Amino acid sequence: MPALAMANTALAVDQAMIGISGNNIANLDNPDYARREASLSELPPAVFGTFTIGTGVQLDRVIGIRDNALNLRIAAEQSDVAGSHAFATAMQAVEAQFPADNSSGIGAALDKFWSAWQTLSSDPSGVPGKTQVLSAAQSLASAFHEVSAGLLSTNNSVSQSLAASVSQANALLSQIATLNQSAGSATPETLDAQDHALSRLSGFINISVVRAGNTLQISTPSGVPLVSGTKWFSLQTSPAAGQQQLTVDGSDITAEASGGSIGGALRVLNQGLPGLQQRLDTLASSLAAAANTTYRSSFFTPLSGTAGAAANIQVALSSASQVQAGSTILSGDNSTALAMAALRAQNMIGAQTATSYHSDTVLQLGQQISDATTNESAGQQVLDHMNQQRQAVEGVSLDKEAANLMQYERAYQAAARLLSTVDQMMQSAIGLGAR
Amino acid sequence: MRADLSLTSNLVDAIQSAKQDQDSAIFQLSSGKRIRNISDDAAAASQLNTLSSEQAAIDSYVGGGASLRSRLSAADSALSSAVQLATRAVSLGVEGANGTASPAERAAVANDLQGVHDQLLGIANSQFQGHYLFSGEADGSAAFAVVNGSVTYQGSSAVAQIDIGEGIQMSNGRAGSVLFGSDGTNVFDAISGVISALRGGTDPAVAPASLGTSLDRLTSQRVFYGTAMDAIDTQSAIATASKQRIVEQQNTLDGADFTAAAARMSQSELVQSAASAAFAKVANLSLFDYLGTTNA
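In order, the protein sequences belong to chains P and S.
If you read the first sequence in the working numbering, its first letter stands for residue 1, the second for the next number, and so on.
If you read the second sequence in the working numbering, its first letter stands for residue 1001, the second for the next number, and so on.
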């Protein structure tokens, strides 16, 4: 009896639809979940001579509603935002050592150093003046040490987070390769997992994605493969010439890894921190050299080269009585103190004084951070907008699910009525036979 | 369309950004400053760094000028007494040279002159804060001492310079040999010459002339001290003006705009409460709620 079977399948399909809707509602807050819909089709009709009669409905498959192109654009934007975020956060840790009002740090220590010499020039044989010069010089050296140590500790923590990001990215690459194995028979769950992995991966590094059917091919922007079919290639970091290198299968991809937390960390380790360190070293070594020349002997312990100058600058004198204010033994000779104080206005690094060079360092650091934060917040706005678009496509709407539930309930009721109608008809037919 | 959820996340964003706005407004209102981190305004922060260094430089020039001024002032008042003594020596010399004076009177004048000589020597060896004022750079020892019966200069001809302004240096005095005269022709030699003439009974007529020369030298060299103190006062006035300018610039660069900050503060409060109220409404905005109430 086709009518009875038809009612049966209709009931089953309606139940399944309610199940799908229920699943949608249950996953309302699951960010990786794409709204699912049932794909229905008519059952093969029964043929009665020259005409056919429908035999009901069947559930073909469940589809996740997704916009793959939009997801890829979101992934790219995520890389950009995460890269800027990682760079800005790391450099902000350094920024605190350069107070905007110059109340502490290297700039303030420089000012105090020059002023101490100036004070000594007023009373060149006075012990207070000499003590002040020595302690200002020692504070200056330790200001350099502190900032250097701060850079080093930022370097260490960023290196650690780089290593963590790389291993997480590798785990995701392997996961995507595994998902590619079942691409031929991909379920909505597989595709959700793919999207999830892709979205997380783009937070670690900027990638180029090609989707062939349900298989994801992932490579660097220039085409160095990361996932090819079911094979994946592990990212590796290695120090090379004071820089961190990112390689995959032997190819150096450091330059193109600009986004994600890996790209951001590489920029901090290879550009941000070394650039700042180099400026500090230049300042420290130029300062020590100029001071020693003017002092006519070692005021600062002579430095071997520029590299490491900021971390190693040391005052050569151990007691205030060793501070010489003049070039003769005369107690009123203040010529050296005057000359040292005059270094304040002397061009030490190219056409720049120590102070103007330091102000430029502040400018460059501040600019780098503000560029990164501006880029991050602009990217975040674009990302928010695209995420809304994505929600509009993939997201679960409670209103729609509520309406669907009512519809499926009615359909179920109708199918049940069909069943009872057929049942009554059959009872009538059986009753006919009994009479 | 998942309108309800994106609405809530929009509201959460709105509340968060209102909180950030409020945070920065509170910083501005409480500190009076606009820039918290150098990345807030890198160009301004860099200028602030330069300005504060300029300020430190000016402060140290002013400090140097002030301590120099008290040294010059001490020297000037010592020299004022020296001029008085030299003037007295000249008049005593004239008195002794008077042809009618008796030997006893000449001896008395000579004794007076000896007193003037000794006082003058004391003044030439004046100290200020442990330093001899007229020894030049050799200010650790007395400027003049009696060597083989005559007063000779022990100090240095070099005189220390002090920075009193940007690129402006001032000597911290005059060497004793410049003020009181070189060995052999200094003011002490002149007085001693008159004394020995008076005591020896010779006519000291030429001696007062050398006394007059010494007095003129002292008077004209002393002018330096007044001029130098004026110069320091001028530099100090310039420094005050420069610091005023720096403070104004700092204010322009870093001063909080209180009106704007207060406005942003109340605006962010408004946004926060509006968003919170909207949140409460949106939480009940679902077809399910209506179905629930109609079914019940």
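Cβ coordinates follow ideal geometry from the N, Cα and C atoms, glycine included.
All values derive from a computational prediction rather than experimental measurement.
Taking Cβ positions only, does His196(P) come closer than 8 Å to chain S?
Here residue 196(P) corresponds to residue number 196 of the first sequence, with the count starting at 1. False, the Cβ-Cβ gap to chain S never drops below 8 Å.
Please confirm if Glu1137(S) has its CB atom under 8 Å from at least one CB of chain P.
For the purposes of this step, residue 1137(S) is taken as the residue at position 137 of the second sequence. Answer yes: the Cβ-Cβ gap between Glu1137(S) and chain P drops below 8 Å somewhere.
Closer than 9 Å at the beta carbon, the chain S residues around Arg410(P)
One-based indexing of the first sequence puts residue 410(P) at position 410. In chain order: nothing, as chain S lies at least about 13 Å away.
To the nearest angstrom, how far is the alpha carbon of Thr247(P) from that of Ala291(P)?
One-based indexing of the first sequence puts residue 247(P) at position 247. One-based indexing of the first sequence puts residue 291(P) at position 291. Rounded to the nearest angstrom, the two C-alpha atoms are 45 Å apart.
Using CA coordinates, which residue listed in Leu1092(S), Gln1154(S), Ser1126(S) is at the minimum distance from Asn1111(S)?
The count along the second sequence starts at 1 and reaches residue 1111(S) at position 111. Among Leu1092(S), Gln1154(S), Ser1126(S), the Cα nearest to that of Asn1111(S) is on Leu1092(S).
Using only the alpha-carbon positions, how far apart do Ala392(P) and Asn170(P) sit?
Translated into positions along the first sequence, residue 392(P) becomes position 392. Translated into positions along the first sequence, residue 170(P) becomes position 170. Rounded to whole angstroms, Ala392(P) to Asn170(P) spans 31 Å at the Cα level.
Can you check whether the CB of Leu1120(S) is closer than 8 Å to the CB of Phe1188(S)?
As a working note, residue 1188(S) is residue 188 in the second sequence. As a working note, residue 1120(S) is residue 120 in the second sequence. Yes, the pair counts as a contact, with Cβ atoms nearer than the cut-off.
Candidates Ser1171(S), Ser1196(S), Ser1073(S): closest to Ala1108(S) by CA position
Within the second sequence, residue 1108(S) is the residue found at index 108, counting from 1. Of the listed residues, the one whose Cα sits closest to Ala1108(S) is Ser1196(S).
Rounded to whole angstroms, what's the CA-CA distance from Gly1155(S) to Gln1169(S)? Just pull it up for me.
Translated into positions along the second sequence, residue 1155(S) becomes position 155. Translated into positions along the second sequence, residue 1169(S) becomes position 169. Going from the Cα of Gly1155(S) to the Cα of Gln1169(S) covers about 22 Å.
Glu1166(S) to Ala337(P), Cα distance in whole Å?
The residue labelled residue 1166(S) in the question sits at position 166 within the second sequence. The residue labelled residue 337(P) in the question sits at position 337 within the first sequence. Distance between the alpha carbons of Glu1166(S) and Ala337(P) is about 16 Å.
Among Gln181(P), Asn27(P), Gln314(P), whose alpha-carbon lies nearest the alpha-carbon of Asp438(P)?
No statement about residue 438(P) is possible, as the shown extent of chain P runs from 1 to 435 and does not include it.
Residues bridged to Leu140(P) (per DSSP):
Within the first sequence, the letter at position 140 stands for residue 140(P). For Leu140(P), which the question treats as bridged, DSSP gives no partner whatsoever.
C-beta neighbour in chain P for Asn1125(S), strict 8 Å
Counting from 1 along the second sequence, the entry for residue 1125(S) is found at position 125. No, no contact with chain P.
Could you tell me whether the Cβ of Phe1288(S) comes closer than 8 Å to any Cβ of chain P?
Here residue 1288(S) is taken as the residue at index 288 of the second sequence, counted from 1. True, the Cβ-Cβ gap to chain P drops below 8 Å.
Could you pull out every residue in the same chain whose Cβ sits closer than 8 Å to the Cβ of Asp80(P), ignoring the five residues on either side in sequence?
Residue numbering aside, residue 80(P) sits at position 80 when the first sequence is read from its first letter. Around Asp80(P): Asn206, Gly259, Asn375, Gly379.
Alpha carbons only, please: which of Arg35(P), Ala265(P), Asp14(P), Leu28(P) is nearest the one belonging to Ala164(P)?
Translated into the one-based positions of the first sequence, residue 164(P) becomes position 164. It is Ala265(P) whose Cα lies nearest to the Cα of Ala164(P).
With 16 other Cβ atoms within 10 Å as the buried cut-off, status of Asp29(P)
Working through the first sequence from its first residue, we reach residue 29(P) at position 29. Result: exposed.
Can you name, in chain order, every residue of its own chain whose Cβ lies under 6 Å from the Cβ of Leu1079(S), other than the five neighbours on each side?
As a working note, residue 1079(S) is residue 79 in the second sequence. Closer than 6 Å at Cβ, skipping near neighbours: Arg1222.
Using 8 Å as the limit for Cβ to Cβ distance, is Phe299(P) near chain S?
Along the first sequence, read from residue 1 onward, the residue named residue 299(P) stands at position 299. Taking Cβ atoms only, chain S never reaches closer than 8 Å to Phe299(P), which makes this a no.
Taking the CB atoms as reference points, tell me whether Ala1190(S) and Leu1211(S) lie closer together than 8 Å.
The residue labelled residue 1190(S) in the question sits at position 190 within the second sequence. The residue labelled residue 1211(S) in the question sits at position 211 within the second sequence. Contact: yes.
Consider the Cβ of Ser331(P): report whether some Cβ of chain S lies at a distance smaller than 8 Å.
Within the first sequence, the letter at position 331 stands for residue 331(P). Interface residue, yes.
Counting only Cβ-Cβ distances shorter than 9 Å, please list the residues of the region 1036-1058 of chain S near chain B, keeping chain order.
Absent here is chain B; the protein component of the structure consists of chains P and S.
Less than 8 Å between CB atoms is the rule here; does Ser104(P) satisfy it with respect to chain S?
Along the first sequence, one-based indexing puts residue 104(P) at 104. It does not: the Cβ of Ser104(P) has no partner Cβ on chain S nearer than 8 Å.
Can you have a look at Val1194(S) and say buried or exposed, based on whether 16 or more other CB atoms are within 10 angstroms of its CB?
Mapped onto the second sequence, residue 1194(S) falls at position 194. Burial call: buried.
What's the gap between the Cα of Gln324(P) and the Cα of Phe299(P)?
Sequence index remark: in the first sequence, residue 324(P) carries index 324 (1-based). Sequence index remark: in the first sequence, residue 299(P) carries index 299 (1-based). Approximately 10 Å, taken between the alpha carbons.
With three or more C-beta pairs closer than 8 Å as the rule, is the region 173-185 of chain P touching the region 231-244 of chain P?
Yes: the two stretches touch, three or more of their Cβ pairs being nearer than 8 Å.
So, under 8 Å CB-CB, Ser1177(S) and Ser1192(S) are touching, yes? Tell me the CB distance rounded to an integer number of Å.
Locating residue 1177(S) in the second sequence gives position 177, where the first residue counts as 1. Locating residue 1192(S) in the second sequence gives position 192, where the first residue counts as 1. So it is not a contact: roughly 17 Å between Cβ atoms.
May I ask you to verify whether the region 152-162 of chain P touches the region 82-99 of chain P, counting CB pairs closer than 8 Å and requiring at least 3?
yes
Quick check on DSSP: helix, strand or coil for Arg1002(S)?
Within the second sequence, numbered from 1, the residue matching residue 1002(S) stands at position 2. Low per-residue confidence applies at Arg1002(S): pLDDT is 47, beneath 50, and the placement is therefore not dependable, though the value from the model is reported in the following sentence. Looking at Arg1002(S) - three-state DSSP - the assignment turns out to be coil, as it is neither helix nor strand.
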